[in-house]
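This report concerns only the one structure given below.
Residue numbers (our numbering): 858 to 1121.
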């Protein structure tokens, strides 16, 4: 018997990169099947529109979109925050349907009354990284390396579930290096402070986090290429990071919640 989904007040996921070679669609689908919420925030880079020559798309990707559509029909409110990889969606920003909104940023009011600025986070990149020519080159190199890695995996014995290939480890290291330091976190916190909010919820940096070291709450959803994490809000307004299991089988099981409450 399949266990019913774990219920949250709100869920925040970012950087699914649907269409990119590195996307782990089966993990995303298993996670969404295991968790549901009244409000789901997709915090940017959900669709990856930069990867040539054609999107890497499978029936599992279709199943993810179908499940989200089903949840909306059942009453879930879906909030789509655009990122740099799906910036083309910004042409429809401000669009609000009955159950879905396409936005560049919004404010989420938690159950305890705390207000969080929700946005992807690329707007606070260093100037060089905001140059789309450079980031598009990086995106294409990522696609080429992951495509090469997929072909090499067909030639070598399968890796243990928790072990990365050399190429995967290299790409994860590059992401970590680009997100090194706290300058971007501080810029995002200052943006939330100017908006009169108690914290910020973002993605973009592929580096899950939940802390209040800068005076307000900084919460990063992580990503679904390397970290496989999401943020959840419970009925009392508390935030926590959810960590997906390393290698979900068809009947996926997930590791325990990793509570990192925003309060000291």
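The beta carbon of each residue, even a glycine, is placed where N, CA and C say it ideally should be.
DSSP, reduced to helix, strand and coil, places residue 939 outside both helices and strands of the structure shown, so it counts as coil.
Distance from the CA atom of residue 1042 to the CA atom of residue 866, rounded to whole angstroms, is 25 Å.
For residue 1097 and residue 1076, the gap between their C-alpha atoms comes out near 9 Å. In the DSSP annotation of this structure, the continuous segment of the alpha helix (DSSP H) that includes residue 884 starts and ends at 882-891.
Under the DSSP definition of a beta bridge, residue 913 partners with 876. Within 10 angstroms of the beta-carbon of residue 884 lie 16 or more other beta-carbons, which makes it buried. Under the criterion of beta carbons closer than 8 Å, residue 892 and residue 936 do not qualify as touching, at roughly 16 Å.
Just measuring C-alpha positions, the residue of 1074, 1070, 897 and 947 sitting nearest residue 929 is 897. Using a 10 angstroms sphere on the CB of residue 1065, the tally of other CB atoms reaches 16 or more, which defines it as buried.
Scanning its chain for C-beta atoms nearer than 6 Å, with the 5 sequence neighbours on each side dropped, one finds around residue 958 the residues 936, in chain order. Straight-line spacing of the CA atoms in residue 962 and residue 948 works out to 14 Å. For residue 1093, the three-state secondary structure derived from DSSP is coil. Selection 1083, 871 and 925 evaluated against residue 901 yields 871 as nearest (Cα-Cα). The beta-carbon separation of residue 917 and residue 882, rounded to 4 Å, stays under the 8 Å limit for a contact.
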